[in-house]
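Chemist:
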Amino acid sequence: MSTDKEEIALYYEAKNDKVRKRLGIKGGFYWRTAKKLSVAISRGVVAMDDAGFDEEDFKKPVRVNLPIVNDLPPEGVFDTEFCNRYEKGGEDGITMIFIAPSPSVQDKPASSDNTNVNGEDMAEIEDNMLLPISGQELPIRWLAQHGSEKPVTHVSREELQALHIARAEELPAVTALAISHNTKLLDPLEIRDL
1 MSTDKEEIAL YYEAKNDKVR KRLGIKGGFY WRTAKKLSVA ISRGVVAMDD
51 AGFDEEDFKK PVRVNLPIVN DLPPEGVFDT EFCNRYEKGG EDGITMIFIA
101 PSPSVQDKPA SSDNTNVNGE DMAEIEDNML LPISGQELPI RWLAQHGSEK
151 PVTHVSREEL QALHIARAEE LPAVTALAIS HNTKLLDPLE IRDL
């Protein structure tokens with residue numbers, strides 16, 4: 001019987017797409033120093049159970065080669081995160097190789113641009129946003145409703161600027177005086193009441 005121990009690395013692929021989606025993983029990785037492959041496999045099942053996974057969710061383990069030294073998970077630990085960075089491949093098909101980031105991720109500057117998560121320009125979105133009338137001064141709220149058959153609750157940025165200009169230039173003095181004297185009565189009214 002040989003007393004030589006060797007490093008044995010095992011790759012456990014998720015059984016199917018349903019399992020991948022349910023668990024949110026591609027597979028699992030386990031390695032340890034052992035005399036026999038069967039010992040490493042049995043201890044891998046125990047480590048898988050310790051990590052909270054069921055053996056039925058994975059295909060039979062495949063022994064893989066280890067060119068990686070610095071990025072290995074701890075020995076004797078079943079790790080699924082490792083499979084997000086490395087995959088089975090290489091020339092022999094059983095060497096764990098690094099998964100290169102997609103070119104689109106590499107080309108993007110590190111969130112220095114003014115875009116949202118969908119890649120849309122935030123300045124353009126803010127320009128097209130509708131702003132609520134409810135937080136404006138009473139004369140602005142009154143002007144927004146004046147001449148409209150339906151209650152106005154939101155306006156564009158340009159319309160709001162026009163309302164402020166209209167208040168300063170076109171609001172008749174009598175209306176301004178009436179609004180200012182009745183502010184206490186008008187302020188609690190909702191837009192539909194104006």
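Going by full-length UniProt numbering, the first residue of the sequence shown is number 1, and it counts up by one from there. Each residue gets a CB set at the ideal place from its N, CA and C atoms; glycine is no exception. Everything numeric in this text was worked out from a predicted model, so none of it was measured.
1) I want to know whether the stretch 57–65 touches the stretch 3–13 - three or more CB-CB distances under 8 Å.
2) In whole angstroms, what separates the C-alpha of residue 34 from that of residue 5?
3) So for residue 84, helix, strand or coil by DSSP?
4) Here's the rule I'm using: 16 or more other beta-carbon atoms within 10 Å means buried, otherwise exposed. How should residue 132 be labelled?
5) Cutting at 8 Å between CB atoms, please list the residues of its own chain near residue 122, excluding the five before and the five after it.
6) Counting pairs of Cβ atoms below 8 Å between the stretch 17–35 and the stretch 78–96, do you hit three or more?
7) Looking only at C-alpha atoms, which of 150, 142, 149, 158 sits nearest to residue 127?
8) Looking only at its own chain, which residues have a Cβ that is under 7 Å from the Cβ of residue 21, when we skip the five neighbours before and after it?
9) Hey, how far is the Cα of residue 148 from the Cα of residue 100?
10) As a quick exercise: from 73, 16, 66, 83, pick the residue whose alpha carbon is nearest that of residue 92.
11) So, does the CB of residue 4 fall closer than 7 Å to a CB anywhere in chain B?
12) Residue 145 and residue 214 - do their beta-carbons sit closer together than 7 Å?
13) Can you tell me whether residue 203 is buried or exposed, with buried defined as 16 or more other CB within 10 angstroms of its CB?
14) Determine the extent of the alpha helix (DSSP H) in which residue 46 is found, giving its start and end residues.
15) If you reduce the DSSP assignment to three classes, tell me which class residue 154 lands in.
16) Going straight from the alpha carbon of residue 42 to that of residue 71, what length do you get?
Modeler: Let's see:
1) yes
2) 5 Å
3) helix
4) exposed
5) 114, 115, 116
6) yes
7) 158
8) none
9) 58 Å
10) 66
11) In the displayed structure, chain B is absent; only one protein chain is listed.
12) Residue 214 falls outside the range modelled here, since the chain spans only 1 to 194, and no answer is possible.
13) Lying before the first or after the last residue shown, residue 203 is absent from the chain, which here runs from 1 to 194.
14) 37–50
15) strand
16) 24 Å
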